[in-house]
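Sequence order for the protein chains is A and B.
Take 9 as the starting number for the first sequence in this note's numbering and just add one per residue.
Take 719 as the starting number for the second sequence in this note's numbering and just add one per residue.
For glycine and all other residues, C-beta sits at the position ideal for the given N, C-alpha and C.
A quick note: this is a predicted structure, and the numbers were derived from the prediction, not measured.
Take a look at the structure set out below.
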Amino acid sequence: MRILFFAHLKNAARCTSTEIHFDGEIDAAALWQRLLADYPDLKGYQPSVRLARNNTYAVAGTRFSDADEVALIPPVSGG
Amino acid sequence: MMIEISIVNHLIDPHQPLPTTLVGRTGAVAEFSGLVRGNEDGQPIGGLEYEAYRPMAEQIMHTIIEDLGHRHPCLFVRVIHRVGAVAVGEAAVYVVACAVHRAAALGLVGDFLDRLKQDVPIWKTGTLGLAGRPLPPSP
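Given below as structure tokens:
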């Protein structure tokens with residue numbers, strides 16, 4: 009799974025993207041658990057960050073697989 | 719409804735011609751340019767830096783406009799958003815909507831801008847000093 013970081017999350021993760029691997033599908037809680045284990049500085053941002061799976065915002069019940077591209081979307085501020 | 723979405727790292731040209739197929743059908747053209755102001759948190763600045771998750775931003779803007787088109791039927795909508803450094807006075811975003819009547823064109827532009835600020839993955843990532851160099855983040 010490719011993980012993308014944007015805006016200030018790049019500083020918290022100290023990278024713009026990473027790859028993580030696991031078997032089968034996982035839910036958002038399990039994905040966050042893995043992300044926070046690898047990037048503990050993301051913890052303070054988690055409440056305001058939305059997950060996007062393959063260019064679409066994740067919703068309750070979204071499952072993530074190893075082939076997905078997942079973006080961590082902090083609050084947006086375009087315009 | 720024709721939709722054009724662009725995310726660019728150069729100056730926005732608001733004078734790009736509209737599709738010729740609109741001539742004779744369009745009765746209203748509503749345009750909006752969102753310009754970078756010269757101060758941020760009370761301090762003078764030279765500009766802002768923007769970042770986008772480009773494929774998702776383009777896809778979501780397209781979806782938003784299609785959705786808004788049910789409520790505000792338009793013939794054509796063009797959105798251009800800048801990324802990278804945008805100097806004070808330059809447009810960070812430009813929207814034009816063409817419709818048969820003004821209510822639809824104005825309504826779509828206004829509602830789109832609200833949705834842009836809620837759901838489209840584009841971020842102001844920093845400020846530029848008056849010399850055009852990035853400023854350190856506020857404490």
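Going by DSSP, which residues form a beta bridge with residue i?
i	result
Ser751 (chain B)	B:Tyr812
Phe14 (chain A)	Beta-bridge pairing links Phe14 (chain A) to no other residue.
Gln761 (chain B)	B:Glu758
Ile778 (chain B)	For Ile778 (chain B), which the question treats as bridged, DSSP gives no partner whatsoever.
Met720 (chain B)	B:Phe794
Against residue i, what residues of chain A qualify as contacts under a CB-to-CB distance less than 9 Å, listed in chain order?
i	result
Tyr771 (chain B)	Leu12, Phe14, Ala60, Asn63, Ala79, Ile81
Gln777 (chain B)	Asn63, Thr64
Ala810 (chain B)	Gly86, Gly87
Using the rule of at least 16 other Cβ atoms within 10 Å of the residue's Cβ for burial, across every protein chain shown, is residue i buried or exposed?
i	result
Gly52 (chain A)	exposed
Ala79 (chain A)	buried
Met720 (chain B)	exposed
Arg796 (chain B)	buried
Pro839 (chain B)	buried
His733 (chain B)	exposed
Thr64 (chain A)	exposed
Arg10 (chain A)	exposed
Starting from residue i, find everything on chain B with Cβ-Cβ shorter than 8 Å and list it in chain order.
i	result
Ser85 (chain A)	Lys835, Ile840, Trp841, Lys842
Could you please give the first and the last residue of the uninterrupted alpha helix (DSSP H) stretch that includes residue i?
i	result
Gly825 (chain B)	820–837
Leu39 (chain A)	36–46
So which residues on chain A does residue i lean against when the C-beta distance must stay under 7 Å?
i	result
Met715 (chain B)	Chain B is shown only over 719 to 857; residue 715 (chain B) falls outside these bounds and no answer can be derived.
Closer than 8 Å by beta-carbon distance: list the chain A residues that pair up with residue i, in chain order.
i	result
Leu740 (chain B)	Residues of chain A passing the Cβ test: none, with the nearest at roughly 25 Å.
Leu831 (chain B)	Gly87
Gly752 (chain B)	Gly87
What residue does the beta strand (DSSP E) around residue i start on, and which one ends it?
i	result
Leu59 (chain A)	58–61
Ala75 (chain A)	First-last for Ala75 (chain A): undefined, no H or E at that position.
Ala805 (chain B)	802–805
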